[in-house]
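Read the structure below first, then the notes.
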Ligand code: KIV
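Shown next, in the form of structure tokens:
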């Protein structure tokens, strides 16, 4: 049963929650088989997979396309889908778009910002909601640490409490000091999931492309578990070399006609 209640229980029992972004069916399958608790189809798909310059270019159609792919790859997984830029301009629009993402395969939807009315409108449709505070990539062009001053930290906690009171089911905290993430985690009932938010949130999320090393970037908050960037470049170079030199395809890669058909064909 795919129910957000499971993550509240994990929080209460002090069990850490592992979330990872997923954008396609093969990665989704691998993550589900690997024991990742939640697959996040984030709007980070835009800059990491689709070649966009900003998260703001991601559309509802992009999100529907990738959520559906992740659902096909991992039919039993718990999937969170991002509501893209401007899709929550009003609570009514947010609720409508949340229904669209749920129909595509999301179990929960996520949006950025301190908007308790949006939480209430989506929950009224019976859809679970993940909020996102700290660095909000859709709203903050400059990607830098948030909540550094005591005043900013207090405002963040107030915002988290208001979202919690509105009924949020989960809270992503991005790029904030770990003291602040710990205080927010203690202040709210909903499980918190950190990215660049230190050790004391209820769970962690990373961007799968960063964990797999697709690019040369290696952010302070990231841990790289593989070097697919090098593997992809080396495989592409070896393939191009084989084609250019005639080493591929070999006879073993080719298909043959049956002998009698070849004779009838006259070759
Ligand atoms: O879009 C995304 O991948 C996210 C994570 C960075 C939390 O929002």
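In our numbering, the protein residues as written are 2 to 268. The beta carbon of each residue, even a glycine, is placed where N, CA and C say it ideally should be.
- Closest option to residue 196, judged by alpha-carbon separation, among 22, 6, 10: 22.
- Considering only 95, 225, 117, the residue with the shortest C-alpha distance to residue 110 is 95.
- For residue 240, the uninterrupted alpha helix (DSSP H) run begins and ends at 229-246, by DSSP.
- Looking only at 165, 198, 240, 46, the smallest Cα-Cα distance to residue 222 is reached by 198.
- The Cβ atoms of residue 44 and residue 34 lie no closer than 9 Å to each other.
- Contact check for residue 225 and residue 189: beta-carbon distance about 30 Å, past the 8 Å limit, so the pair fails to qualify.
- If you compare the alpha carbons of 247, 240, 19, 244 with that of residue 80, the shortest gap goes to 19.
- Rounded to the nearest whole angstrom, the C-alpha separation of residue 158 and residue 140 is 18 Å.
- With a contact defined as Cβ atoms closer than 8 Å, residue 202 and residue 176 miss out at about 12 Å.
- The alpha helix (DSSP H) runs lying completely inside the stretch 183-220 and spanning 4 residues or more are 209-213, given in chain order.
- Around the Cβ of residue 219, a 10 Å sphere holds fewer than 16 other Cβ atoms; the residue is exposed.
- Contact between residue 99 and residue 126 is confirmed by a C-beta separation of about 6 Å, below the 8 Å threshold.
- DSSP places residue 134 within a strand segment (E or B) once states are collapsed to three.
- By the beta-carbon neighbour count (other beta carbons within 10 angstroms, threshold 16), residue 112 is buried.
- According to DSSP, residue pairing for residue 42 in a beta bridge involves 82.
- It is roughly 50 Å from the alpha-carbon of residue 24 to the alpha-carbon of residue 264.
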